[in-house]
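Note sheet for the following structure.
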Amino acid sequence: MHSSLVRLQNAFGFFTTVAFVVAALIAATDLIAPRTPSVGVLKPTNVQVVRGRPHYYSSKKEEYAIIRFSLDADLSSLFTWNTKQLFVYVTAEWPAAKAGSGSGANATNQAVIWDSIITSPSADHLANLGPIAKKKLIRSAQGKSIDPSRGILSLKNQRPKYQITHPSGKIAQQDDVVLRLHYNVQPWVGLLTWNRDSDVGRWKTLRDNVSKKFSFPEVKKKE
Numbered sequence: 004m005h006s007s008l009v010r011l012q013n014a015f016g017f018f019t020t021v022a023f024v025v026a027a028l029i030a031a032t033d034l035i036a037p038r039t040p041s042v043g044v045l046k047p048t049n050v051q052v053v054r055g056r057p058h059y060y061s062s063k064k065e066e067y068a069i070i071r072f073s074l075d076a077d078l079s080s081l082f083t084w085n086t087k088q089l090f091v092y093v094t095a096e097w098p099a100a101k102a103g104s105g106s107g108a109n110a111t112n113q114a115v116i117w118d119s120i121i122t123s124p125s126a127d128h129l130a131n132l133g134p135i136a137k138k139k140l141i142r143s144a145q146g147k148s149i150d151p152s153r154g155i156l157s158l159k160n161q162r163p164k165y166q167i168t169h170p171s172g173k174i175a176q177q178d179d180v181v182l183r184l185h186y187n188v189q190p191w192v193g194l195l196t197w198n199r200d201s202d203v204g205r206w207k208t209l210r211d212n213v214s215k216k217f218s219f220p221e222v223k224k225k226e
């Protein structure tokens, strides 16, 4: 005869096995759902380089860039019944100076200028919002498990959340700068997935997510 403890261990082991199998099947359903994100517009609208203290905790003055941009993108296909939230961010990238110039050995400089977390209706209770905004968001999502309209981004002359600096303290008059849109899908069950450089099955790459090249201007003096 098995003891009560052994029976409890067997029941718990069976439960965890079933839970793991169900979770694996749920995660596999993401491969069935097509992902066809697209970008209509991604461009800088105003670029400035200022010399000063970019943050209140900065110990010295340095050059930093402020980039306003416009973005139109359709990421609605990334929202499925297994999507918890979508992390979207825009980076500014430019090639590093040639070796020997003291700018480091990185092939490309990359800095985040804006980001946003878009929750699905089933995860609105996790949104980091104020009580009034959260109440409105939850009310608008009642009865919905998927809300594709949340994946529609339309930003006009958007102010950046973050200013760009460089370890050298100089960033003005840099050429071949581009903006790039990225996303990260965070599911309820399964692996985190990012935008890819090539198609994988029904998952299509995020096309036209890179802006045309532009340059950082000369330093703008504060009035």
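Note that my numbering numbers the sequence shown so that position 9 is 12, with each residue one more than the last.
Where a beta carbon is used, it is the ideal one built from N, C-alpha and C, also for glycine.
Looking at Lys64, Asp150, Lys46, the one whose alpha-carbon comes closest to that of Trp84 is Asp150.
When the beta-carbon positions are compared, Asn112 and His169 come within less than 8 Å of each other. In the DSSP assignment, Val52 falls within the unbroken beta strand (DSSP E) covering 41-55. For Phe15, the uninterrupted alpha helix (DSSP H) run begins and ends at 7-35, by DSSP.
With contacts defined by Cβ atoms closer than 8 Å, Phe219 and Ala68 form a contacting pair. Spatial neighbours of Ser214 in its own chain (CB-CB distance under 7 Å, excluding positions within 5 residues in sequence) are listed in chain order as Leu45, Lys46, Pro47, Val181, Leu182. Going by C-alpha positions, Trp191 is about 26 Å away from Arg210. Here Ile116 is near Lys164, since their CB atoms are less than 8 Å apart.
Distance check between Pro57 and each of Trp197, Leu8, Lys173, Ser143 places Lys173 closest, using alpha-carbon atoms only. The secondary-structure analysis by DSSP pairs Ala95 across a beta bridge with Ala114, Leu182. Boundaries of the alpha helix (DSSP H) harbouring Ala136: 134-143, taken from the DSSP string. Cβ-Cβ distances below 6 Å link Ile141 to Asp127 in the same chain, with the five nearest sequence neighbours on each side left out; the list follows chain order.
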